[in-house]
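Everything below concerns the one structure shown next.
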Amino acid sequence: DLVFAEHYVGCMNCEHCHAGEYRLCLETDWRKYPEGLRFGYTLAERAPHLFGGFAEYMYLPWNSILHKVPDGLSPELAGVVTPMANGIQWALFDCNVGYDSRVLIQGPGQQGLSQVVACKQAGASLIIITGTNKDVKRLAVAKTLGADYTINVEEEDPLERIMEITSGEGMDVSLECTSGAGTIPVLLGIEAMKRKGGTLLIQGEVPDFPNFPMGKIANKYITIKAARGHNYRSCELALKQLNSDRFDLSQITTHRFGLKDTHEAINAVGGSGDVIHVSLMPWK
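In terms of the working numbering, the sequence shown is residues 110 to 393.
Structure, rendered in structure tokens:
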């Protein structure tokens with residue numbers, strides 16, 4: 110059987126593991142517990158040295174978290190489970206996106222595009238996604254997946270355009286998927302939420318935030334959520350979504366490389382906007 114291994118390796122004893130929230134287990138939190146195991150984070154120098162996916166074989170300890178990949182789902186699409194599960198977790202479970210929600214998604218990478226799919230499937234009535242000059246192809250893909258509007262923030266004022274689209278009403282939810290744009294997406298999300306009671310999701314990579322606009326947060330009654338991976342159920346739903354025919358998700362899996370070209374594959378993801386998600390084929 111083809112299986113998907115989550116990068117978390119939980120202790121299986123704490124309250125979080127018992128609830129399927131392995132992402133919250135201390136023993137797989139590489140920031141606070143360096144001795145814990147986590148695929149993709151644990152260094153290769155640690156025996157038996159097979160804790161990453163850039164290999165023909167992986168070592169799976171007894172407490173690995175596995176999901177059976179549905180029959181007919183290609184390995185390339187199964188490789189998109191993580192961003193899709195994050196999309197479901199962050200948008201649906203953490204921010205309660207649902208019928209008639211107005212959603213701003215900042216960043217059209219594999220994570221942002223997965224958010225588009227999750228929000229569209231949940232019934233969002235308006236999806237706006239932002240990007241830059243290098244994201245022209247990605248923004249076009251976002252439209253085919255269900256985004257109603259795309260905004261190139263280097264070509265037009267995103268806040269002005271959002272208010273124009275919404276007739277001044279603003280958004281209900283802002284999902285920050287830029288992963289490295291600093292505080293700017295957070296500030297845009299705050300300003301774009303004109304309605305009281307909106308939800309702002311931010312990623313842990315946001316650096317120190319001097320002069321954080323706490324007054325606006327309080328005045329607008331904004332709820333702040335921190336993106337923190339995904340739970341077991343989100344992965345199961347992601348696999349079902351990827352195996353459905355509603356969205357052409359093959360548009361996300363744009364490039365394939367052999368194992369010997371791993372370095373080139375990593376550079377490709379951080380380079381051209383034409384590259385969205387790279388599949389590493391271990392036997393080539």
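Backbone N, C-alpha and C fix where the C-beta goes; we use that ideal spot for every residue, glycine too.
{"Item": "Exposed unless 16 or more other CB atoms sit within 10 angstroms - verdict on residue 156", "Value": "exposed"}
{"Item": "Residue 323 burial status per 10 Å Cβ neighbour count (16 or more: buried)", "Value": "exposed"}
{"Item": "Alpha-carbon to alpha-carbon, residue 180 and residue 317", "Value": "45 Å"}
{"Item": "Exposure of residue 242, with buried meaning 16 or more beta-carbon neighbours within 10 Å", "Value": "exposed"}
{"Item": "Nearest-angstrom Cα separation, counted from residue 261 out to residue 169", "Value": "43 Å"}
{"Item": "C-beta contact flag for residue 135 and residue 118 at 8 Å", "Value": "no"}
{"Item": "Where residue 367 sits in the DSSP three-state scheme", "Value": "strand"}
{"Item": "First and last residue of the uninterrupted alpha helix (DSSP H) at residue 326", "Value": "323-328"}
{"Item": "CB of residue 114 within 8 Å of CB of residue 391, strictly", "Value": "no"}
{"Item": "Supposed close pair residue 226, residue 254 - CB separation, criterion 8 Å", "Value": "6 Å"}
{"Item": "Segment contact flag, the segment 198-211 with the segment 335-347, C-beta cutoff 8 Å, min 3 pairs", "Value": "yes"}
{"Item": "C-alpha distance - residue 374 paired with residue 249, whole-angstrom precision", "Value": "23 Å"}
{"Item": "Selection from 182, 167, 208 and 220 that minimises the alpha carbon distance to residue 191", "Value": "220"}
{"Item": "Nearest-angstrom Cβ-Cβ length linking residue 288 and residue 312, presumed shorter than 8 Å", "Value": "6 Å"}
{"Item": "Spatially closest choice to residue 207 from 216, 217 and 224, by CA coordinates", "Value": "224"}
{"Item": "Three-state secondary structure (DSSP) of residue 193", "Value": "helix"}
{"Item": "Residue 352 to residue 111 span [Cα, whole Å]", "Value": "13 Å"}
{"Item": "Boundaries (first-last residue) of the beta strand (DSSP E) holding residue 335", "Value": "332-335"}
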